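Q: Next up is a structure, given as structure tokens.
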Amino acid sequence: MKLTISRIHILVLCLIFASSCKNSKEESMNIAPPVAPKHPTKLEKHGDVRIDDYYWMNNREDQQVLDYLNAENEYYQKMTAHTAAFQEELYKEMKGRIKEDDSSVPYKLDGYWYITRYEEGKEYPIHSRKKESLDADEELMFDCNQMAEGHEFFNLRGISVTPDNTLAAFATDTISRRQYNIQFKNLITGEIYPDVINNTTGSSVWASDGKTLFYTKKDPVTLRSDRIFKHVLGTPSEDDVLVFEELDDTYNTFVYKTKSRKYIVIGSGSTLTTEYQILNADDPNGEFKIFSPREKGVEYSISHYDGNFYVLTNKDGATNFKLMKTDEEHTTSDHWKEFIPHREEVLLEDIEIFKDYYVLSERENGLNQMKISRWDGSDSYYLPFESETYVAGPSTNLDFDTKELRYYYNEMGAPYAMIDFNMETKTKKVLKEQEVLGGKFDKNNYKTERLWATARDGKKVPISLVYRKDTPLDGTSPLLQYGYGSYGATIDPYFSSVRLSLLDRGFVYAIAHIRGGEYLGRPWYEDGKLLTKKNTFTDFIDVSKFLIEQKYTSPEHLYAMGGSAGGLLMGAVINMAPELYHGVIAAVPFVDVVTTMLDDTIPLTTGEYDEWGNPNDKEYYDYIKSYSPYDNVEAKAYPNLYVSTGLHDSQVQYWEPAKWVAKLREYKTDDNQLFLDTNMDAGHGGASGRFEALKETAKEYAFILDLEGKAL
1 MKLTISRIHI LVLCLIFASS CKNSKEESMN IAPPVAPKHP TKLEKHGDVR
51 IDDYYWMNNR EDQQVLDYLN AENEYYQKMT AHTAAFQEEL YKEMKGRIKE
101 DDSSVPYKLD GYWYITRYEE GKEYPIHSRK KESLDADEEL MFDCNQMAEG
151 HEFFNLRGIS VTPDNTLAAF ATDTISRRQY NIQFKNLITG EIYPDVINNT
201 TGSSVWASDG KTLFYTKKDP VTLRSDRIFK HVLGTPSEDD VLVFEELDDT
251 YNTFVYKTKS RKYIVIGSGS TLTTEYQILN ADDPNGEFKI FSPREKGVEY
301 SISHYDGNFY VLTNKDGATN FKLMKTDEEH TTSDHWKEFI PHREEVLLED
351 IEIFKDYYVL SERENGLNQM KISRWDGSDS YYLPFESETY VAGPSTNLDF
401 DTKELRYYYN EMGAPYAMID FNMETKTKKV LKEQEVLGGK FDKNNYKTER
451 LWATARDGKK VPISLVYRKD TPLDGTSPLL QYGYGSYGAT IDPYFSSVRL
501 SLLDRGFVYA IAHIRGGEYL GRPWYEDGKL LTKKNTFTDF IDVSKFLIEQ
551 KYTSPEHLYA MGGSAGGLLM GAVINMAPEL YHGVIAAVPF VDVVTTMLDD
601 TIPLTTGEYD EWGNPNDKEY YDYIKSYSPY DNVEAKAYPN LYVSTGLHDS
651 QVQYWEPAKW VAKLREYKTD DNQLFLDTNM DAGHGGASGR FEALKETAKE
701 YAFILDLEGK AL
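UniProt numbering puts the first residue of the sequence shown at 1, with every later residue one more than the last.
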């Protein structure tokens with residue numbers, strides 16, 4: 001074939017680049033990984049002695065710790081230098097699908113339309129509003145791009161506008177430990193008031209007077225949200241009144257206002273139990289009244305409408321929850337009357353209340369449902385959804401007096417849509433469909449499936465998959481299997497434009513809806529926690545075996561991914577079945593479970609006892625130790641591993657993955673890759689900018705694509 005000069009030049013450059021990448025990769029093979037110093041610490045409980053050689057890493061101020069983390073970062077960067085250009089290509093590719101000058105669907109509240117928008121080339125959102133009409137002039141509330149200047153991390157949350165629309169409380173975090181400072185802005189003049197309230201959760205609520213603000217403070221050491229304070233605008237925060245303190249260290253507390261705006265509500269919650277207190281919003285100096293005293297194992301939440309409270313609860317053994325009703329004057333549980341009965345096969349997740357209608361969010365056989373009913377009982381029906389697997393649910397519905405229900409809908413292979421549904425005429429209007437830019441995306445090129453794997457105890461475990469229709473399903477295709485499986489959190493089969501970078505390179509993507517989540521209802525969660533926690537891990541493994549047996553992939557091409565408690569899942573499965581996976585991504589992994597759960601000074605520990613068990617009890621100690629990834633590292637071959645963490649992580653402390661990687665380096669018998677990548681500026685959620693976060697995803701994808709030989 002005859003080549004033009006320009007094409008010859010291009011070919012030569014490509015060969016040089018490929019040779020350079022090859023040489024870079026070969027050179028990286030000669031780089032020795034960091035070796036962490038060993039300082040044995042004896043840990044004893046219930047007569048059992050554990051020797052932790054890397055316990056010393058739990059001091060982020062220690063220069064030796066910082067030196068080790070930096071050495072691991074340098075090793076990771078050198079070992080993956082040959083993928084640096086590919087990471088940048090992935091980043092630009094993923095960013096190129098996102099509409100940069102995008103905006104949210106406006107919603108109306110108290111005469112104003114509120115909008116969140118992005119401008120081209122900028123990382124952070126701009127919050128604005130328009131009075132009465134969308135054609136009105138824009139009123140700029142917060143430009144987070146300006147506010148983030150000079151900060152490596154920035155997050156704004158908790159915007160709370162006064163009833164008269166003149167002031168807004170807002171909260172910022174510039175460290176990434178989820179400790180927010182609340183400030184106040186005059187929305188008419190633009191003035192930022194001098195009031196500053198430190199170390200809060202970020203959320204706050206105004207009383208009806210527009211001067212009194214209720215907010216939640218955190219314990220400065222454990223970061224548990226434990227106190228509700230009352231602040232009067234213009235007074236020093238040191239003078240704020242303590243309204244409520246949650247003394248049980250297994251509970252967190254929070255405050256909000258009912259949709260009816262009649263009541264300010266203080267909530268207290270642990271994993272298994274909840275309790276609420278109410279106060280008329282017109283009486284900020286009054287006393288909060290207990291709605292119904294906490295009962296161990298009884299969860300409830302409350303919604304207010306037309307002189308009554310509607311109570312979503314698992315009371316009386318209603319495992320999948322039921323809806324009860326009581327009047328404002330008699331709120332204790334002995335007065336609750338059944339409104340929607342408990343159903344064995346349907347999980348009742350939430351209620352959305354309007355003037356003429358109420359909407360129930362349900363989950364049956366793993367799929368979202370929305371049931372719309374008139375209060376007068378004259379009509380009741382379900383919104384129709386026909387896909388095999390999808391995600392749907394109510395969106396922002398702040399207005400009582402409307403017939404429009406706003407909801408979202410998407411499938412794994414098709415972008416989300418925001419829809420207004422007229423509950424009276426039963427007609428819908430698509431307000432916005434997610435745009436996937438770049439000119440290459442066509443939803444008709446992708447196929448979604450829902451499969452069922454049989455677990456070792458006979459339970460059927462659902463799997464949601466998506467892949468390009470031209471991807472061979474003969475065992476040769478790479479597959480990324482994602483899982484979480486804790487806290488009853490459901491990982492729904494959502495669409496991701498970022499994920500297209502895998503699918504378009506021949507990957508199958510699978511979500512394993514394992515026990516410990518709530519995909520199949522509350523019993524699915526109950527069967528994957530405490531002393532049944534190992535079901536979470538064995539479900540994931542059995543899903544992997546099923547996908548291999550069904551020729552969706554093979555052990556040479558199977559990858560697993562999970563973060564936080566999903567990182568614990570990753571650590572457990574590679575201890576139990578490392579031979580099934582070619583590579584594993586463990587993001588901010590919770591892997592040193594025994595030590596963390598025994599240390600009640602670590603943020604969030606005490607509130608976790610109902611999820612994992614309290615290891616101060618020997619039965620739980622023994623069970624947790626039997627699966628804790630750090631405690632079960634052995635001398636054997638492990639898959640290729642990419643582990644990420646953040647130095648300021650408030651949820652999973654950085655030292656857990658750091659210790660785990662150090663111990664794996666000591667014990668593993670293979671020559672597979674093992675990387676620890678620490679973001680020295682961020683916490684549990686990673687980078688804060690919308691595009692900066694894509695760089696972290698590009699690292700993860702480059703890791704597995706490189707293992708597949710697809711990183712050129």
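For glycine and all other residues, C-beta sits at the position ideal for the given N, C-alpha and C. Model, not experiment: these values are computed from the prediction.
(1) For G307, I'd like the list of residues in its chain whose CB is within less than 7 Å of its CB, leaving aside the five on either flank, ordered along the chain.
(2) Starting from N308, follow its DSSP beta bridges and name the residues at the other end.
(3) Taking all protein chains shown into account, decide if W655 is buried (16 or more other Cβ within 10 angstroms of its Cβ) or exposed.
(4) Let me know if G571 comes out buried or exposed under the rule of 16 or more other beta-carbons within 10 Å of its beta-carbon.
(5) Using a threshold of 7 Å, state whether the C-beta atoms of N320 and R515 are closer than that.
(6) Where do the N-terminal and C-terminal ends of the alpha helix (DSSP H) with E634 fall, by residue?
(7) So what's K695 in DSSP terms, helix, strand or just coil?
(8) With respect to the beta strand (DSSP E) encompassing S128, which residues constitute its N-terminal and C-terminal limits?
(9) To the nearest angstrom, how far is it from the Cα of T250 to the Cα of S628?
(10) Check whether the Cβ atoms of F244 and I266 sit closer than 7 Å, and answer yes or no.
(11) If I measure Cβ to Cβ from G583 and keep anything under 6 Å in the same chain, skipping five residues before and after, which residues do I get?
(12) Residues in the same chain with beta-carbon distance under 8 Å from T601, minus the five sequence neighbours each way, listed in chain order, please.
(13) Leaving out five residues before and five after I126 in sequence, what residues of the same chain have Cβ atoms less than 8 Å from its Cβ?
(14) Quick check on the DSSP output: what are the complete beta strand (DSSP E) runs of length 3 or more inside the region 521 to 596, in order along the chain?
(15) Where does Y124 land, buried or exposed, given buried means 16+ other C-beta within 10 angstroms?
(16) Helix, strand or coil for L598, going by three-state DSSP, please let me know.
(17) State yes or no: is the C-beta of P34 within less than 7 Å of the C-beta of A71?
(18) Please list the terminal residues of the continuous beta strand (DSSP E) segment that includes N368.
(19) Using DSSP bridges, identify the partner residues of Y215.
(20) Taking D102 as the reference, which of G121, E89, N186, Y91 has the closest Cα?
(21) Give every residue of the same chain whose Cβ lies closer than 6 Å to the Cβ of Y193, excluding the five residues on either side of it in the sequence, and list them in chain order.
(22) Start and end of the beta strand (DSSP E) containing W452?
(23) Leaving aside the five residues before and after N280 along the sequence, list all residues of the same chain whose C-beta is less than 7 Å from its C-beta, in chain order.
(24) Indicate whether L569 and G646 have their beta-carbon atoms separated by less than 7 Å.
(25) Identify, in the order they occur along the chain, each residue of the same chain with its Cβ nearer than 8 Å to the Cβ of A702, setting aside the five sequence neighbours on each side.
(26) Is any non-hydrogen atom of the ligand ZN found closer than 6 Å to the C-beta of A207, if you look at the structure I gave you?
(27) Select from R97, A455, V430, D470 the residue whose C-alpha is nearest the C-alpha of T448.
(28) My parser needs the beta strand (DSSP E) runs of 3 or more residues fully inside the region 44 to 97; what are they?
(29) Taking C-alpha atoms, which residue in D52, K99, E345 lies nearest to residue 714?
(30) Could you say which of A168, Y68, D173 lies nearest to F154 if we only look at CA atoms?
(31) Under 8 Å, with one C-beta from each stretch per pair, do the region 456 to 466 and the region 354 to 363 reach the 3-pair mark?
(32) Does I197 pass the burial test, meaning 16 or more other C-beta atoms within 10 Å, or should it be called exposed?
(33) Any idea if I188 is buried or exposed, counting beta-carbon neighbours within 10 angstroms, 16 or more meaning buried?
(34) Quick check: N617 and L272, are their CB atoms within less than 7 Å of each other?
(35) Under the rule that 16 or more other beta-carbon atoms within 10 Å means buried, what is I31, buried or exposed?
(36) Following the continuous beta strand (DSSP E) through I338, name the residue where it begins and the one where it ends.
A: For this structure:
(1) Cβ neighbours of G307 beyond the five flanking positions: D327, E328.
(2) Per DSSP, the beta bridge partners of N308 are Y305, D327.
(3) Buried, by the Cβ-count rule.
(4) So G571 counts as buried.
(5) Taking 7 Å as the Cβ cut-off, N320 and R515 do not qualify as a contacting pair.
(6) Note, E634: premise wrong, no alpha helix (DSSP H); not H, not E.
(7) Here K695 sits in helix by DSSP.
(8) Boundaries of the beta strand (DSSP E) harbouring S128: 126 to 131, taken from the DSSP string.
(9) In a straight line, the C-alpha of T250 is about 21 Å away from that of S628.
(10) Contact flag set, yes.
(11) Here the set comprises Y559, P639, N640, I704, L707.
(12) Taking T601 as the centre and dropping the five residues before and after it, the same chain places the C-beta of V221, T222 closer than 8 Å to its C-beta, in chain order.
(13) Result list for I126: T116, R117, Y118, E119, L140, F142, D143, C144, N145, in chain order.
(14) The region 521 to 596 contains these whole beta strand (DSSP E) runs: 558 to 563, 583 to 587.
(15) A residue is called buried once 16 or more other Cβ atoms fall within 10 Å of its Cβ, and Y124 is buried on that count.
(16) In the three-state DSSP reduction, L598 falls in the coil class, being neither helix nor strand.
(17) For P34 and A71, yes; Cβs fall inside 7 Å.
(18) Its beta strand (DSSP E) spans residues 367 to 374.
(19) Listed as beta-bridge partners of Y215 by DSSP are S204, F229.
(20) Here the closest residue by C-alpha is G121.
(21) Within the same chain, Y193 has close Cβ partners F184.
(22) Here the beta strand (DSSP E) through W452 covers 446 to 454.
(23) Once the five neighbours on either side are set aside, the close Cβ partners of N280 are K262, Y263, G286.
(24) Between L569 and G646, the C-beta gap is not smaller than 7 Å, which leaves the two residues out of contact.
(25) Scanning its chain for C-beta atoms nearer than 8 Å, with the 5 sequence neighbours on each side dropped, one finds around A702 the residues T80, T83, F86, Q87, L90, A711, in chain order.
(26) This structure simply doesn't include the ligand ZN, nor any ligand for that matter.
(27) When only C-alpha atoms are compared, the closest one is D470.
(28) Counting only runs of 3 or more, we get 48 to 52.
(29) No information on residue 714 is available, as it lies outside the stretch 1 to 712 that the chain covers here.
(30) Closest in C-alpha terms to F154, from the list A168, Y68, D173, comes D173.
(31) Short answer: they don't touch.
(32) Buried, since its Cβ has 16 or more Cβ neighbours within 10 Å.
(33) It is exposed - the Cβ of I188 has fewer than 16 other Cβ atoms within 10 Å.
(34) Reading off the sequence, residue 617 comes out as Asp, not Asn. Cβ atoms of D617 and L272: not closer than 7 Å.
(35) Burial call: exposed.
(36) The question names Ile, but residue 338 in the sequence shown is Glu. Element bounds for E338: 337 to 340.
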